[in-house]
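Below is one structure, written out as structure tokens; the observations come after it.
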Amino acid sequence: MELVRLGQSYFMIEDKHMYDSSSGSRFQCRTLSINEDLGQIRYIFSDKTGTLTENKMEFQRASVCGKNYGNSLLLAQQVSAAAVRRWKLKSEISVDSKLMELLSKDLVGDERIAAHEFFLTLAACNTVIPIPTPSRSSGCTNGLLENVEAIDYQGESPDEQALVSAASAYGYTLFERTSGHIVIDINGEGLRLDVLGLHEFDSVRKRMSVVIRFPDNSVKVLVKGADSSMFNILAKDSKRNDLIRHITQSHLSEYSSQGLRTLVVASRDLADEELKQWQHRYEDASTSLVDRASKLRQTAALIECDLTLLGATGIEDKLQDGVPEAIEALRQAGIKVWVLTGDKQDTAISIALSCKLLTPDMQQIIINGNSEEECKDLLADAKARYGVKSSNRTKCNSKLKRSAEIEYLAISNDAKFSDVPQGHDVKEVAAIASLALIIDGNSLVYILEKDLESDLFDLATSCRVVLCCRVAPLQKAGIVDLIKSRTDDMTLAIGDGANDVSMIQMADVGVGICGQEGRQAVMASDFAMGQFRFLKRLLLVHGHWNYQRIGYLVLYNFYRNAVFVLMLFWYILFTGFSTTSALTDWSSVFYSLLYTSVPTIVVGIVDKDLSHKTLMQYPKLYVVQQYLWPSDIQIAREAEVLRKGSNYLAPQADQVSR
Numbered sequence: 001m002e003l004v005r006l007g008q009s010y011f012m013i014e015d016k017h018m019y020d021s022s023s024g025s026r027f028q029c030r031t032l033s034i035n036e037d038l039g040q041i042r043y044i045f046s047d048k049t050g051t052l053t054e055n056k057m058e059f060q061r062a063s064v065c066g067k068n069y070g071n072s073l074l075l076a077q078q079v080s081a082a083a084v085r086r087w088k089l090k091s092e093i094s095v096d097s098k099l100m101e102l103l104s105k106d107l108v109g110d111e112r113i114a115a116h117e118f119f120l121t122l123a124a125c126n127t128v129i130p131i132p133t134p135s136r137s138s139g140c141t142n143g144l145l146e147n148v149e150a151i152d153y154q155g156e157s158p159d160e161q162a163l164v165s166a167a168s169a170y171g172y173t174l175f176e177r178t179s180g181h182i183v184i185d186i187n188g189e190g191l192r193l194d195v196l197g198l199h200e201f202d203s204v205r206k207r208m209s210v211v212i213r214f215p216d217n218s219v220k221v222l223v224k225g226a227d228s229s230m231f232n233i234l235a236k237d238s239k240r241n242d243l244i245r246h247i248t249q250s251h252l253s254e255y256s257s258q259g260l261r262t263l264v265v266a267s268r269d270l271a272d273e274e275l276k277q278w279q280h281r282y283e284d285a286s287t288s289l290v291d292r293a294s295k296l297r298q299t300a301a302l303i304e305c306d307l308t309l310l311g312a313t314g315i316e317d318k319l320q321d322g323v324p325e326a327i328e329a330l331r332q333a334g335i336k337v338w339v340l341t342g343d344k345q346d347t348a349i350s351i352a353l354s355c356k357l358l359t360p361d362m363q364q365i366i367i368n369g370n371s372e373e374e375c376k377d378l379l380a381d382a383k384a385r386y387g388v389k390s391s392n393r394t395k396c397n398s399k400l401k402r403s404a405e406i407e408y409l410a411i412s413n414d415a416k417f418s419d420v421p422q423g424h425d426v427k428e429v430a431a432i433a434s435l436a437l438i439i440d441g442n443s444l445v446y447i448l449e450k451d452l453e454s455d456l457f458d459l460a461t462s463c464r465v466v467l468c469c470r471v472a473p474l475q476k477a478g479i480v481d482l483i484k485s486r487t488d489d490m491t492l493a494i495g496d497g498a499n500d501v502s503m504i505q506m507a508d509v510g511v512g513i514c515g516q517e518g519r520q521a522v523m524a525s526d527f528a529m530g531q532f533r534f535l536k537r538l539l540l541v542h543g544h545w546n547y548q549r550i551g552y553l554v555l556y557n558f559y560r561n562a563v564f565v566l567m568l569f570w571y572i573l574f575t576g577f578s579t580t581s582a583l584t585d586w587s588s589v590f591y592s593l594l595y596t597s598v599p600t601i602v603v604g605i606v607d608k609d610l611s612h613k614t615l616m617q618y619p620k621l622y623v624v625q626q627y628l629w630p631s632d633i634q635i636a637r638e639a640e641v642l643r644k645g646s647n648y649l650a651p652q653a654d655q656v657s658r
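With the first letter of the sequence shown counted as 1, position 522 gets the number 522 in UniProt numbering; the numbers rise by one all the way through.
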């Protein structure tokens, strides 16, 4: 069995159709024990950023002081020379000419000051490392950058790299970073800022902040984060700020509807007393050996409050090639695809529509609750409105509903499912097949409790698509466990970043994407690949083949053992139950080691019941083998023959013995 799985893995690794030429990454098999499970997948749980999308961020839109920028983008090289930065980036970045004109004015007016602090926050509030590329003769007249041809930015997050690069394009160049200070070149003038402390982004706060001391000894806290975590910590001190906040929220909705990733930027001045209190708590929390993360979050809350809104950003992350086609093929194969993302709900819906996960004809059930009671009512209303039955769902009932869903798929015009147990009305399944459940992470905080899990399970499994937004890593694992613990269905999780590790480890099969967010997901996975679209071939072709091969391999082993025993049975009948051996010792040894083992291994590795072109063209064949496998019929027929043969031969054997 292990030799067969090793051979199967070799051919999967060498499959040229799963080689990603853009990143140079090949398919990887990191385990040899679950090859056949690829042919039994019922649920796929997928991350969005870096898994369905390219994770190549491009700064597109900005809302600064209530004004929307980004409608008239030009390459930075096309802007007037007075506004262009004095160095080069390795990638071309588009800028808004009106925003560039605003930044080039004298430092007067609230709007100009807000724009200055906005880009200063983008350049300073991050963990990006600038890497200057020296040049022998760059021709620059700026003393700070006179020997620099280009600067490359390296960071943990592509979002941060995109924001820092955008700030650079607008003239705010992060040039140097040390443990205690940063240097930002603002249109040729170097500004050194002392870094007093940094609260990195985490999935609980959903924001990050940095405390900066300016050359005039003033201290500011610069913050950026998700809108859901930022608007409730803004100061409410004037009607004008409330108006800017309202306008910025409308801009964020516009960005999200276009599929852009959004962030909110804010800041405020720190008084001396606040600074001393925070520094004391920050030092204690940073050196704590017990519950350090929680103490740092509590310390960050001291300064992440009463902020002044500076603006918001919209970053584009394009879909990978072949994602819509892959999702549609997987859906035709009877596999449910759930997307679990940390993005804003409108952004996630827009991307889901782009990749054909959601279709315009689907009825969307949106669950956004702020309390356990509200979430309970929303789930109950949705179940009542769409006729979802509450049940103490057992694994048997799940199988019956699955059979009805497969019949609804209309696998073949000639296919008959008379042998499939009936327990659910096919019309009922067809009625709810166009439902899509959309739920946010705040609701999951209350729903992933023992009292509401059953309602969520009943509703989610009755929908064709489930889209979870603003979810934390542990919530992703909780969603996977919701299905895994209540059904026998095989689950697969696919992701590319560290926040997907818990989900990948929870699923029966974990797939890591070799992306730009490190190798944590790959190291935790069972299989690794370069693009999401390769999942289609992995499941529909290799999954089908491996499942079929292992099935025949098991039957083949039973068959060869039965043949060996039955031969001895017949031999003793015709030799008067003598003690003579039917085979020599060497023949018995070679029977198991050579005569029957070699064909078994060959069949288990290279047998193909259907060509790869046929399996890719007809995805519904993936689900046929799970419920209408020819070997099931053969087993029943051969068992009946053996039973009747035994009943017939038993009396004759008694007569011979007498």
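Here a beta-carbon is modelled for each residue, glycine too, at the ideal position from N, C-alpha and C.
Everything numeric in this text was worked out from a predicted model, so none of it was measured.
CB contact flag (residue i, residue j, <7 Å)
{"i": "Phe118", "j": "Leu310", "result": "yes"}
{"i": "residue 726", "j": "Cys375", "result": "There is no way to answer for residue 726, as the model of the chain reaches only from 1 to 658."}
{"i": "Pro619", "j": "Ala329", "result": "yes"}
{"i": "Thr596", "j": "Leu319", "result": "no"}
{"i": "Met12", "j": "His542", "result": "yes"}
{"i": "Met230", "j": "Val264", "result": "yes"}
{"i": "Gly163", "j": "Leu122", "result": "In the sequence under discussion, the amino acid at residue 163 is Leu, which differs from the Gly named in the question. Their beta carbons are under 7 Å apart, which means Leu163 touches Leu122 by this criterion."}
{"i": "Pro158", "j": "Gln516", "result": "yes"}
{"i": "Gly50", "j": "Asp496", "result": "yes"}
{"i": "Arg524", "j": "Ile494", "result": "For the sequence presented, residue 524 should be read as Ala rather than Arg. No, the Cβ-Cβ distance between Ala524 and Ile494 is not below 7 Å."}
{"i": "Ala348", "j": "Leu467", "result": "yes"}
{"i": "Gly441", "j": "Arg470", "result": "yes"}
{"i": "Cys125", "j": "Lys224", "result": "yes"}
{"i": "Leu174", "j": "Ile184", "result": "yes"}
{"i": "Gln28", "j": "Ala528", "result": "yes"}
{"i": "Ser46", "j": "Val339", "result": "yes"}
{"i": "Lys344", "j": "Thr461", "result": "no"}
{"i": "Thr299", "j": "Ala285", "result": "yes"}
Straight-line Cα distance separating residue j from residue i
{"i": "Ala166", "j": "Thr248", "result": "19 Å"}
{"i": "Lys536", "j": "Ala115", "result": "46 Å"}
{"i": "Leu435", "j": "His544", "result": "28 Å"}
{"i": "Gln617", "j": "Leu252", "result": "41 Å"}
{"i": "Gly39", "j": "Cys305", "result": "52 Å"}
{"i": "Asp607", "j": "Gly551", "result": "12 Å"}
{"i": "Asp488", "j": "Ile479", "result": "15 Å"}
{"i": "Thr614", "j": "Leu593", "result": "35 Å"}
{"i": "Arg213", "j": "Ser502", "result": "38 Å"}
{"i": "Ala301", "j": "Ser288", "result": "17 Å"}
{"i": "Ser168", "j": "Arg177", "result": "15 Å"}
{"i": "Ser238", "j": "Gly109", "result": "17 Å"}
{"i": "Asp242", "j": "Asp269", "result": "19 Å"}
{"i": "Val602", "j": "Leu492", "result": "28 Å"}
Residue i, enclosing beta strand (DSSP E) - first and last residue
{"i": "Ala62", "result": "Glu58 to Val64"}
{"i": "Gly510", "result": "Val509 to Ile513"}
{"i": "His181", "result": "His181 to Ile186"}
{"i": "Arg464", "result": "Where Arg464 is concerned, there is no enclosing beta strand (DSSP E), given that its DSSP letter is neither H nor E."}
{"i": "Tyr69", "result": "Lys67 to Tyr69"}
Status (buried if at least 16 other CB within 10 Å, exposed otherwise) for residue i
{"i": "Thr141", "result": "Bear in mind that the predicted position of Thr141 carries a pLDDT of just 45, short of 50, making it unreliable; the figure below should be weighed with that in mind. Label assigned to Thr141: exposed."}
{"i": "Trp278", "result": "buried"}
{"i": "Leu568", "result": "exposed"}
{"i": "Pro360", "result": "exposed"}
{"i": "Arg205", "result": "buried"}
{"i": "Ser250", "result": "exposed"}
{"i": "Ile113", "result": "exposed"}
{"i": "Lys16", "result": "exposed"}
Residue range of the alpha helix (DSSP H) that includes residue i
{"i": "Tyr10", "result": "Glu2 to Ile13"}
{"i": "Gln298", "result": "Arg292 to Ile303"}
{"i": "Tyr255", "result": "Lys239 to Ser257"}
{"i": "Ile113", "result": "Asp110 to Ala124"}
{"i": "Ile34", "result": "Run containing Ile34: none; DSSP gives neither H nor E here."}
{"i": "Ile504", "result": "Val501 to Met506"}
Residues bridged to residue i [DSSP beta-bridge criterion]
{"i": "Pro215", "result": "DSSP, once it has assigned bridges, lists no residue as partnering Pro215."}
{"i": "Thr173", "result": "Asp185"}
{"i": "Phe574", "result": "Paired residue(s): none; Phe574 is not in a bridge."}
{"i": "Phe27", "result": "Phe27 pairs with nothing; no bridge assigned."}
{"i": "Met490", "result": "Ile41"}
{"i": "Thr308", "result": "Ser267"}
Chain D within 7 Å of residue i, Cβ atoms only
{"i": "Ile129", "result": "In summary, chain D is missing from the structure at hand, where a single protein chain is found."}
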